[in-house]
Structure formats: structure tokens, C-alpha cells
Amino acid sequence: AVKSSGVITGKILYVDSDGQTAADSGAFVLLLPERNTAGLKLDARPLRSPESSQAKSAVEAALAALNVTTTRTSEDGTFQMPRHQSGAGQLIVISRHVSRSENESVAPEVATLLSEWFDSPTQLIGRLQAERRTLTEAEVNGAASFSILFRKPLFVPNQ
Numbered sequence: 377a378v379k380s381s382g383v384i385t386g387k388i389l390y391v392d393s394d395g396q397t398a399a400d401s402g403a404f405v406l407l408l409p410e411r412n413t414a415g416l417k418l419d420a421r422p423l424r425s426p427e428s429s430q431a432k433s434a435v436e437a438a439l440a441a442l443n444v445t446t447t448r449t450s451e452d453g454t455f456q457m458p459r460h461q462s463g464a465g466q467l468i469v470i471s472r473h474v475s476r477s478e479n480e481s482v483a484p485e486v487a488t489l490l491s492e493w494f495d496s497p498t499q500l501i502g503r504l505q506a507e508r509r510t511l512t513e514a515e516v517n518g519a520a521s522f523s524i525l526f527r528k529p530l531f532v533p534n535q
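Written as C-alpha cells, this is what we have:
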């Protein structure tokens, strides 16, 4: 049997402009239940700032009431967060260091999921890269850690 710690752990990295892998410190991580049963959509703007504010605390409290867990990665790009009681979940990770190219839109699977929870997914993501991941049973149970690597978009000249 898999031993459950009830904690999801991971590491978020990115490839910098020199081609070196670096820790994506301050990346924003959301663990979302399978669906938003309350149907309540929140203002995502206060969550963009790493600083504390009354508005951010209110949005975080509302998310917690809806069983959404949020955290930011530490200096070394790692994070830990408690898992949902339901066990299932979708993880959204928003890089702090890697932007999308000018003509690249938010991935549809990310935008669709975030639009269930927030008025405007782009208010949360801005120009940054984001990735959606369905957690495996081992990852949800804390028996396995995982990593995500963001890469800067390749430059494609205008035709």
C-alpha cells in the first residue's frame, strides 16, 4: 500500500536565457478540485502580487472555502501543499520567470479550467507561461514528487 503523507511536493524550474536550468522561485501554484460546485467566480488580480494585502487574504479565504489550495515556490523552486480531502485534483503552475511570446495565447486547457474559478484567467496569468497537470495517485498521496520545466519560447520571425 502507498503511504499517504497528505502533502503534495514538487519543483518548478525554467531554462534561462543562457540555456541554464534555474529555480522558478515565486512561481504560483494552485491545486483545484475537479469542479467548482459553488459556481462562484473570483477576482484573480489580488493573487498576482507576492505581497500580502486585505484583498489577497479575502480571495485566498474564499478559495480555501472552495477547497482550492495555493502556494508559491521557495527560492530553490520547491513547494509543498496539503492535498484535497477528495484526493483528486488539477494543478496549475504559473511561472514567475518565463513569459509567453507576444502572439502566444494561454493554453486552452489552462484557460478553460481557470475560467471556472476566476472572472478572468488572464488577470491571474498576465503574459506569463502556465501549465496544467492532472496529478497521479502517487503524487496526490505524497508518495511521489514531480517537476515542471518552463522554457522560453523560441523566437519566430514574422513572415
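All you need for this note's numbering is the position in the sequence shown, starting with 1, plus 376.
Think of the CB as a built atom: it goes at the ideal place given N, C-alpha and C, for glycine as much as any other residue.
If you're wondering where the values come from, they're calculated on a predicted model, not measured in any experiment.
So what does DSSP say about residue i, is it helix, strand or coil?
i: K432; result: helix
i: Q499; result: helix
i: V516; result: helix
i: L511; result: coil
i: V486; result: helix
Look at the Cβ atom of residue i, then the Cβ atom of residue j, and state whether they are nearer than 9 Å.
i: L490; j: I468; result: yes
i: F526; j: Q505; result: yes
i: E485; j: K417; result: no
i: R472; j: R503; result: no
i: L389; j: G465; result: no
i: A403; j: I501; result: no
i: T512; j: Q456; result: no
Apply the 10 Å Cβ neighbour rule to residue i and answer buried if 16 or more other Cβ atoms are within range, or exposed otherwise.
i: R459; result: buried
i: D400; result: buried
i: Q430; result: exposed
i: Q535; result: Model confidence at Q535 stands at a pLDDT of 41, short of 50, so the residue's coordinates are unreliable; what they give is reported in the following sentence. That one is exposed.
i: P426; result: exposed
i: A441; result: exposed
i: V378; result: Low local confidence applies: a pLDDT of 41 at V378 is under 50, so the model's placement there is unreliable, and no value is given.
i: V482; result: buried
i: A420; result: buried
Taking 8 Å as the cut-off, is the beta-carbon of residue i closer than that to any non-hydrogen atom of the ligand FMN?
i: R421; result: In the structure on display, the ligand FMN does not appear, and there are no ligands present to speak of.
Which residues does DSSP pair with residue i in a beta bridge?
i: T446; result: L406
i: K387; result: T454 and S523
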